[in-house]
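Trainee: Let me give you the structure first, and then I'll get to my questions.
2 protein chains.
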Amino acid sequence: MRLKSQVEWALHCCILLAGLPAGRYLATKTLAEFHGVPKEYLSKALQAVSQAGLVESTLGPSGGYRLARAPEAITFLDVVEAVEGKGPSFLCTEIRKNNPCRPAGYCDDKPCGIARVMWEADRAWRETLAGVRLSDLLGTLESSLPAQQRADTAAWIAARS
Amino acid sequence: MRLKSQVEWALHCCILLAGLPAGRYLATKTLAEFHGVPKEYLSKALQAVSQAGLVESTLGPSGGYRLARAPEAITFLDVVEAVEGKGPSFLCTEIRKNNPCRPAGYCDDKPCGIARVMWEADRAWRETLAGVRLSDLLGTLESSLPAQQRADTAAWIAARS
DNA sequence: ATCCTCAAGGATATTTAATATCCTTATTTA
DNA sequence: TAAATAAGGATATTAAATATCCTTGAGGAT
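Chains A and B are the protein sequences, given in the same order.
All residue numbers for the first sequence refer to my numbering, where the first residue is 1 and numbers rise by one.
All residue numbers for the second sequence refer to my numbering, where the first residue is 162 and numbers rise by one.
Here it is in C-alpha cells:
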C-alpha cells in the first residue's frame with residue numbers, strides 16, 4: 001500500500017503556489033522543472049487538483065496555475081484526496097458472507113467488525129492530514145537552505161510567475 | 162492507495178483462529194473454504210503471517226495453523242504489517258533536492274516537511290491499528306448471525322479443527 | 001514401511017494499477 | 001496572427017496485485 005508519487009508532487013506544487021504573491025501563476029513547465037519531474041505526467045496531477053477546485057488555471061502565454069483559495073483554507077487532506085481519491089484504503093469484500101453455514105439471502109444489519117476497525121484507522125489518518133494547512137508549511141521547505149540559496153530560489157520563481 | 166485483499170483475508174483468518182480451543186489447528190483448505198477465497202493464494206498470506214511469528218503451523222494430516230500467542234497479544238497492526246509490510250505509505254523521493262538553485266552536494270539536516278506530515282498521518286493510522294487486539298473482535302463476527310447459525314458455524318469449525 | 005495430507009516455497013501466468021509519453025483542441029496573450 | 005498554455009484523449013510501458021501450478025519435505029494413519 002503506497003500513495004502515488006503524484007501525491008508528493010501535488011503537495012510540493014501547492015506549497016510552492018502558496019508562497020506566490022497573490023494572483024500570480026506558475027506554468028506546469030516551471031513546476032516540473034523546479035521539482036525535476038516529467039512535465040506531461042505532472043500535468044495530470046495538476047488537472048486532478050484543479051478539478052477538485054483547489055487551484056485554478058489560465059491559458060495562453062503567462063498562463064499556469066494558482067491557488068483557488070487562501071493557503072489557510074487548503075489542507076493536506078484536500079490535496080491528497082484530490083490526487084488519490086476519497087475512497088477508503090481498506091476495501092471490505094464481505095467475505096464473512098461466504099460462511100457456508102450462512103443462508104444465502106441473509107441480510108446484515110451491522111457492518112463487518114474488521115472493516116469498522118480498518119475504517120477507523122483510515123479516519124485517524126485523514127484526520128491528521130486534515131489538521132495541517134498549506135500555510136503551516138510555508139517557508140519550511142526552503143528553511144533548510146542557506147540564505148543565499150533561499151534568495152536565489154525566490155528570484156528564480158519570481159522570474160517565472 | 163488500497164490495501165491488499167490478503168490483509169482482509171489474514172485478519173478474518175486470525176480472528177477465526179483466535180476463537181479456537183487452545184492448541185487446535187485449522188488447515189488452509191478449511192480457512193479458504195470458510196471465507197470463500199482461493200486456497201493457494203490465501204496460503205501466501207498465511208505464510209506471511211507465519212513468518213511474522215503471529216501463527217505457527219504443523220504439517221501432515223490434521224495439520225494447519227494456530228495462533229502463536231494469545232489473542233490478547235496480537236494486534237491488528239501486527240497482522241496488517243505482516244501482510245502489507247512495515248514500510249510507510251508515503252515515499253519521500255526528496256524532489257526538493259531537484260531545486261535548480263540548490264548546489265548538488267548540499268546535505269540536509271532536517272527531513273522534508275511534507276514527508277514529516279505524511280509520516281505523522283501514517284503513524285496515527287498505525288497507532289489506531291495497534292490499539293485493537295484480536296481478542297477485542299472475538300465473537301463480533303458471528304454476532305450478526307441468529308443463534309442457530311452461530312451454533313452451526315461453531316460446529317462446522319469444530320469438526321475441522 | 002508405505003501412503004496420504006499438509007505447509008513451505010519456487011516458478012509462472014494473468015490482471016490491474018501506476019507511470020509516462022504523445023497528440024489534438026481550445027483559449028489567451030503579445 | 002502566432003506562440004504558449006491547460007485540458008484531455010489515446011496509448012505505451014512498467015510495476016504490483018492476484019492467482020495458479022508444481023515440487024519438496026514433514027507428520028500421521030494404515
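Heads up, the beta-carbon is just placed ideally off N, CA and C, and yes, glycines get one too.
Helix, strand or coil for Thr254(B), going by three-state DSSP, please let me know.
Mentor: Working through the second sequence from its first residue, we reach residue 254(B) at position 93. Coil, per DSSP.
Trainee: For Leu42(A), tell me which candidate among Arg24(A), Lys4(A), Glu72(A), Arg69(A) has the shortest Cα-Cα distance.
Mentor: Within the first sequence, the letter at position 42 stands for residue 42(A). Ranking the options by Cα distance to Leu42(A), first place goes to Lys4(A).
Trainee: Does the segment 13–28 of chain A come close enough to the segment 284–296 of chain B to have 3 or more Cβ pairs within less than 8 angstroms?
Mentor: These segments do not touch.
Trainee: Quick one: which chain B residues come within Cβ less than 8 angstroms of Leu141(A)?
Mentor: Within the first sequence, numbered from 1, the residue matching residue 141(A) stands at position 141. Chain B residues near Leu141(A): Arg257, Cys273, Gly274, Ile275.
Trainee: Is it true that the segment 289–302 of chain B meets the segment 72–81 of chain A, where meeting means three or more beta-carbon pairs spaced less than 8 angstroms apart?
Mentor: The segment 289–302 of chain B is not in contact with the segment 72–81 of chain A.
Trainee: Among the candidates Ser305(B), Arg321(B), Ala213(B), whose CA atom is the shortest distance from the CA of Lys247(B)?
Mentor: For the purposes of this step, residue 247(B) is taken as residue 86 along the second sequence, with counting starting at 1. When only C-alpha atoms are compared, the closest one is Ala213(B).
Trainee: Look at Leu137(A) and Ile275(B) and say whether their C-beta atoms are less than 8 angstroms apart.
Mentor: Against the first sequence, residue 137(A) aligns to sequence position 137. Against the second sequence, residue 275(B) aligns to sequence position 114. It is a contact, given that the beta carbons lie within the stated cut-off.
Trainee: Hey, Leu141(A) and Ile15(A) are a contact pair by Cβ (cut 8 angstroms); roughly how many whole angstroms apart?
Mentor: By 1-based counting over the first sequence, the position of residue 141(A) is 141. By 1-based counting over the first sequence, the position of residue 15(A) is 15. So it is a contact: roughly 6 angstroms between Cβ atoms.
Trainee: By the 10 Å Cβ neighbour count, where 16 or more other Cβ atoms means buried, how is Leu220(B) classified, buried or exposed?
Mentor: For this step, residue 220(B) is matched to residue 59 along the second sequence. Counting Cβ neighbours within 10 Å, Leu220(B) comes out exposed, since fewer than 16 surround it.
Trainee: At which residue ranges does the segment 185–267 of chain B contain complete beta strand (DSSP E) runs of 3 or more residues, listed in the order of the chain?
Mentor: Correct list: 216–219, 225–228.
Trainee: At 7 angstroms on the CB atoms, spell out the chain B contacts of Leu11(A), in chain order.
Mentor: Along the first sequence, read from residue 1 onward, the residue named residue 11(A) stands at position 11. Neighbours of Leu11(A) on chain B, chain order: Ile275.
Trainee: Compare the C-alpha of His35(A) against each of Ile256(B), Leu228(B), Ala171(B), Lys200(B) and name the closest.
Mentor: The residue you call residue 35(A) lines up with position 35 of the first sequence. Nearest C-alpha to His35(A): Ile256(B).
Trainee: Is Gln167(B) buried or exposed, if buried means 16 or more other CB atoms sit within 10 Å of its CB?
Mentor: Taking the second sequence and counting its residues from 1, one reaches residue 167(B) at position 6. Burial call: buried.
Trainee: Using 8 angstroms for Cβ pairs, my map puts Ser135(A) next to Arg24(A). What's the rounded Cβ distance?
Mentor: As a first step, residue 135(A) is located in the first sequence; it is residue number 135 there, counting from the start. As a first step, residue 24(A) is located in the first sequence; it is residue number 24 there, counting from the start. With 8 angstroms as the limit, Ser135(A) and Arg24(A) do not qualify as a contact, their Cβ atoms being about 17 angstroms apart.
Trainee: My understanding is that Ala10(A) touches Val37(A), with C-beta atoms under 8 angstroms, so please give their C-beta distance in whole angstroms.
Mentor: As a first step, residue 10(A) must be located in the first sequence, where it is residue number 10. As a first step, residue 37(A) must be located in the first sequence, where it is residue number 37. About 11 angstroms separates the two Cβ atoms, so there is no contact after all.
Trainee: What do you get for Arg230(B), buried or exposed, if any count of 16 or more other CB atoms within 10 angstroms of its CB means buried?
Mentor: Residue numbering aside, residue 230(B) sits at position 69 when the second sequence is read from its first letter. Classification for Arg230(B): exposed.
Trainee: Could you give the residue range of the alpha helix (DSSP H) that holds Val168(B)?
Mentor: For this step, residue 168(B) is matched to residue 7 along the second sequence. It spans 166–179 - the alpha helix (DSSP H) in which Val168(B) sits, taken as one unbroken run.
Trainee: On the premise that Cys92(A) lies in contact with Glu169(B), defined as a C-beta separation below 8 angstroms, what is that separation, rounded to the nearest angstrom?
Mentor: Within the second sequence, numbered from 1, the residue matching residue 169(B) stands at position 8. Within the first sequence, numbered from 1, the residue matching residue 92(A) stands at position 92. Yes, Glu169(B) and Cys92(A) are in contact; Cβ-Cβ is about 7 angstroms, under 8 angstroms.
Trainee: Whole angstroms is fine: what's the gap from Glu201(B)'s alpha carbon to Arg66(A)'s?
Mentor: Position 40 of the second sequence, counted from the first residue, corresponds to residue 201(B). Position 66 of the first sequence, counted from the first residue, corresponds to residue 66(A). When rounded, the distance between both Cα atoms is 51 angstroms.
Trainee: Answer with yes or no whether the minimum CB distance from Gln6(A) to chain B is below 8 angstroms.
Mentor: Walking along the first sequence from the start, residue 6(A) turns up at place 6. With 8 angstroms as the cut-off, Gln6(A) does not count as an interface residue toward chain B.
Trainee: Compute the Euclidean distance between the alpha carbons of Ile235(B) and Pro222(B), then round it to the nearest angstrom.
Mentor: Within the second sequence, the letter at position 74 stands for residue 235(B). Within the second sequence, the letter at position 61 stands for residue 222(B). C-alpha separation (whole angstroms): 27 angstroms.
Trainee: According to the neighbour-count rule (16 or more other Cβ atoms, all chains shown, within 10 Å of its Cβ), is Ser89(A) buried or exposed?
Mentor: Here the question's residue 89(A) lines up with position 89 in the first sequence. Answer is buried; the Cβ neighbour count reaches 16.
Trainee: Can the beta-carbon of Ala32(A) be found closer than 8 angstroms to that of Gly64(A)?
Mentor: Here residue 32(A) corresponds to residue number 32 of the first sequence, with the count starting at 1. Here residue 64(A) corresponds to residue number 64 of the first sequence, with the count starting at 1. Against a cut-off of 8 angstroms, the Cβ pair of Gly64(A) and Ala32(A) comes out as no contact.
Trainee: For Ser218(B) and Ala104(A), I'd like the C-alpha separation in whole angstroms.
Mentor: As a working mapping, residue 218(B) is identified with position 57 in the second sequence. As a working mapping, residue 104(A) is identified with position 104 in the first sequence. Their backbone Cα atoms lie some 32 angstroms apart in a straight line.
Trainee: List the residues that DSSP assigns as beta-bridge partners of Arg294(B).
Mentor: Residue numbering aside, residue 294(B) sits at position 133 when the second sequence is read from its first letter. In DSSP, Arg294(B) forms a bridge with Thr236(B).
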